[in-house]
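Here the protein sequences come in this chain order: W and E. Taking our numbering, the leading residue of the first sequence gets 35, the next gets one more, and so forth. Taking our numbering, the leading residue of the second sequence gets 35, the next gets one more, and so forth.
There are 2 protein chains.
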Amino acid sequence: MSNNQFKRGELYSFITGKASTAIARRLQKNFKQNNVDITIEQWSVLYHLWKEDGLSQQQLCDATFRDKPSITRLVDNLEKLKLVNRVASKEDRRINMIYLTKEAQELQEQTMGIANKTLNEALEGVTHGQVEIAKEVLQNVYDNLK
Amino acid sequence: MSNNQFKRGELYSFITGKASTAIARRLQKNFKQNNVDITIEQWSVLYHLWKEDGLSQQQLCDATFRDKPSITRLVDNLEKLKLVNRVASKEDRRINMIYLTKEAQELQEQTMGIANKTLNEALEGVTHGQVEIAKEVLQNVYDNLK
DNA sequence: GACATATAGTTGTTTATGCAACTATCCAAA
DNA sequence: TTTGGATAGTTGCATAAACAACTATATGTC
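Structure, rendered in C-alpha cells:
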C-alpha cells in the first residue's frame with residue numbers, strides 16, 4: 035500500500051504514541067496504588083523472565099526491544115531491588131544469566147492482574163474486532179521498521 | 035465493552051508500545067540522515083507552534099500531553115538551539131508566550147516531509163481502512179485514560 | 001598457536017520523563 | 001484591602017533512553 039498520505043494532526047498523534055504513553059502512565063499509577071514499587075520498564079523485564087527464567091542480557095535486549103546499555107542499567111536497578119540476580123554462564127563467560135529472586139516470582143500474579151485491569155480500563159468501549167485490527171497494524175508497523 | 039481479556043503476549047506488546055517506539059527511532063534516524071539536529075521531542079513541540087505560533091507553555095503541555103517540568107526543559111533546550119524565544123505576556127505576567135525563530139520556521143517544510151516519508155515506510159502493506167480503525171482505537175484508549 | 005573479527009556486557013554523556021516542592025502572579029470573597 | 005486559593009512556571013531528584021567508546025571473552029582462519 036504505497037499511498038497512505040497523512041494529514042498533519044493524524045500524522046503527529048500517530049507518531050507520538052499518546053495512547054501508549056497514557057496506558058503506561060495509568061499502569062504506573064495503578065502499581066503505585068497497590069504498593070507495587072517498580073517502574074513499568076522494570077516490570078517489562080520481569081515480564082519476560084516470568085515467561086522464561088534465566089535469560090541472558092542480550093536475550094532481554096531482543097525481547098524488550100532495548101539496547102544493551104538500557105538492559106545493563108535496568109538489571110542493575112532490579113538487582114538493587116533484590117528482584118533478580120546476575121549469574122555468569124559457565125559455558126560462555128561473556129554471558130550473564132538473569133534469574134528471578136523468590137520475591138520477584140511472587141510479584142507476577144499481582145502485577146499481571148493490575149496490568150490486565152489497566153488494559154481493560156483503556157479499552158472500555160472498544161470492540162474485540164477493533165482491537166484485533168489495531169494489534170495487526172501495530173505489529174505490521176513494527177515488522178516494517180525493526 | 036466489558037470483556038477484553040488479554041492473553042499474555044498480546045497484553046505486553048500492547049502496553050509497551052513497540053510500534054510507536056520503532057516509529058520514533060526511525061524518525062530520529064531519518065532526521066539525522068538529513069542533518070536535522072533536533073530530537074523528536076523537540077520536533078513535537080515545534081509541530082504545535084507551526085500550527086499556531088505564540089502558545090503558552092501550559093498550552094504546549096496540553097497539546098503535547100506532557101507535564102510542566104517537561105515543557106520547561108524542552109523550551110530551555112529549544113531556546114539554547116535558537117529555535118524559540120520566551121516572551122513574557124503583558125496581560126498576565128505568569129505566562130510565557132513561546133515564539134518560533136526564523137530558523138525554526140524554515141525547518142517546518144523539510145521535517146514534515148521527513149515525517150511523512152517515515153510514516154509511509156512504517157505503514158507499508160497496511161490498508162487505509164486498517165489505519166483508520168487503528169487510529170480510532172488509539173484515540174479511544176487515549177480518551178478513556180486522560 | 002596467533003591474529004582478526006564478532007559477540008556480551010559496561011561506562012560516560014546528553015536528553016527526556018515523572019513526581020514533589022517551590023516561587024510568582026492573579027483573582028475572588030470577606 | 002487583605003487573605004486564601006488557583007494558575008503558570010521552575011528546580012531538584014531518580015529513572016530511563018540513545019549513542020559512542022570501551023573491556024573481556026569467544027571463534028574462525030591462516
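The beta-carbon is built from N, C-alpha and C at its ideal position, and this holds for glycine as well.
Item	Value
Inspect the beta-carbon positions of residue 151 (chain E) and residue 64 (chain E) and report whether they are closer than 8 angstroms.	yes
Does residue 48 (chain W) have its Cβ less than 8 angstroms from a Cβ in chain E?	yes
Which class does residue 54 (chain E) belong to by DSSP, given the choice of helix, strand or coil?	helix
Report all residues from its chain with a CB closer than 6 angstroms to the CB of residue 84 (chain E); omit the five preceding and five following residues, and keep chain order.	142
Rounded to whole angstroms, what is the Cα-Cα separation between residue 179 (chain W) and residue 108 (chain E)?	27 angstroms
On the CB-based measure, 16 or more other CB atoms within 10 Å of its CB, does residue 78 (chain E) come out buried or exposed?	buried
To the nearest angstrom, report how far apart residue 153 (chain E) and residue 160 (chain E) are at their CA atoms.	11 angstroms
Using a beta-carbon distance below 8 angstroms, is residue 109 (chain E) in contact with chain W?	no
Short of 8 angstroms Cβ to Cβ, which residues in the region 164-175 of chain W face chain E?	164, 165, 167, 168, 169, 170, 171, 172, 173, 174 and 175
Taking its Cβ as the centre, do 16 or more other Cβ atoms sit within 10 Å of residue 76 (chain W), making it buried, or is it exposed?	buried
Relative to chain E, which residues along the region 48-81 of chain W have a C-beta separation below 8 angstroms, given in chain order?	48, 49, 50, 51, 52, 53, 54, 55, 56, 57, 58, 59, 60, 61, 74, 78 and 81
According to DSSP, residue 153 (chain E) sits in a beta bridge with which residue or residues?	Looking at the DSSP assignment, residue 153 (chain E) forms no beta bridge with any residue, so it has no partner.
Please list the residues of the region 126-153 of chain W that have a C-beta atom closer than 8 angstroms to any C-beta atom in chain E, keeping them in chain order.	146, 149, 150, 152 and 153
Give the interface partners of residue 155 (chain E) over in chain W, defined as CB-CB distance under 8 angstroms, in chain order.	178 and 179
Count the other C-beta atoms from every protein chain shown that fall within 10 angstroms of the C-beta of residue 120 (chain W), then say buried if there are 16 or more, exposed otherwise.	exposed
Does any residue of chain W bring its CB to less than 8 angstroms from the CB of residue 118 (chain E)?	no
Under the DSSP definition of a beta bridge, which residues are partnered with residue 89 (chain E)?	E:132
Within the same chain, show all residues whose beta-carbon is closer than 6 angstroms to that of residue 60 (chain E), passing over the 5 residues directly before and after it, in chain order.	152
Report the neighbours of residue 159 (chain W) on chain E: residues whose CB is nearer than 9 angstroms to its CB, in chain order.	35, 174, 177 and 178
Do we get a CB-CB distance below 8 angstroms when we pair residue 45 (chain W) with the residues of chain E?	yes
Residue 120 (chain E) by DSSP, collapsed to three states: which one?	strand
How long is the line joining the alpha carbons of residue 123 (chain E) and residue 157 (chain W), rounded to whole angstroms?	41 angstroms
Rounded to whole angstroms, what is the Cα-Cα separation between residue 35 (chain E) and residue 170 (chain E)?	Note that residue 35 (chain E) scores 40 on pLDDT, short of 50, meaning its location in the model is unreliable; the coordinates nonetheless yield the value given after this. Spanning the two alpha carbons is a distance of roughly 15 angstroms.
Would you mind reading off the limits of the alpha helix (DSSP H) that contains residue 175 (chain W)?	162-179
Measuring CB atoms only, is the region 45-58 of chain E touching the region 90-110 of chain E, in the sense that at least three cross pairs come out at less than 8 angstroms?	no
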